[in-house]
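Following this note's numbering, the numbering of the sequence shown begins with 1 at its first residue and continues without gaps.
We put the beta carbon where it would ideally sit given N, CA and C, even for glycine.
None of these values were measured; they are calculated from a predicted model.
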Amino acid sequence: MNGMPSDTKRAIRREWWLAALLLTAGLAIAGLSLAKLAAQSEPQMAQATGTPGQPLQATPSPQPSSDKPAESTPGGTRPTTPAPEPAQPSAEAQKEGAKPALPPAPAEKMAPPIKDKN
Numbered sequence: 001m002n003g004m005p006s007d008t009k010r011a012i013r014r015e016w017w018l019a020a021l022l023l024t025a026g027l028a029i030a031g032l033s034l035a036k037l038a039a040q041s042e043p044q045m046a047q048a049t050g051t052p053g054q055p056l057q058a059t060p061s062p063q064p065s066s067d068k069p070a071e072s073t074p075g076g077t078r079p080t081t082p083a084p085e086p087a088q089p090s091a092e093a094q095k096e097g098a099k100p101a102l103p104p105a106p107a108e109k110m111a112p113p114i115k116d117k118n
């Protein structure tokens, strides 16, 4: 004998058979999948929108707005139409009950100063 107990040999043999069985099953599934792909006459593609059998229709273009951007001049500041609004409402708007768009900024954390190395 090899010096290995028979229980260990039996366990190793059982694990080899299980590994061979799993490998065979995996190869069989892969082979069946490839055979099914090869048997299809034409590739299938998914269609995101539309009804089967009906051609896709283009979405209508949005109506042009009356607010046209201001003309820009070289070297000048960039015009914005309409003007950007602040994230915080004015004091009058806050009195009327308007809430700020952004929460207040958190307070900065203070740490002790870094000591110089001498």
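Contacting residues, own chain, Cβ-Cβ under 6 Å from residue i (five flanking each side not counted)
i: Pro82; result: none
Integer-rounded CB distance, given that residue j should sit under 8 Å from residue i
i: Pro89; j: Pro74; result: 36 Å between Cβ atoms; not a contact.
Contact test: residue i Cβ vs the ligand PLP heavy atom, cutoff 7 Å
i: Gly26; result: The ligand content of the structure shown is nil, which means the ligand PLP is not present either.
Proximal residues to residue i (C-beta, below 8 Å), its chain only, five neighbours per side dropped
i: Ala110; result: The amino acid occupying residue 110 in the given sequence is Met; Ala does not appear at that position. Result list for Met110: empty, nothing under 8 Å.
i: Met1; result: Residue placement at Met1 is poorly supported in this model, since its pLDDT is 49, which falls under 50; the coordinates are not used for a value here.
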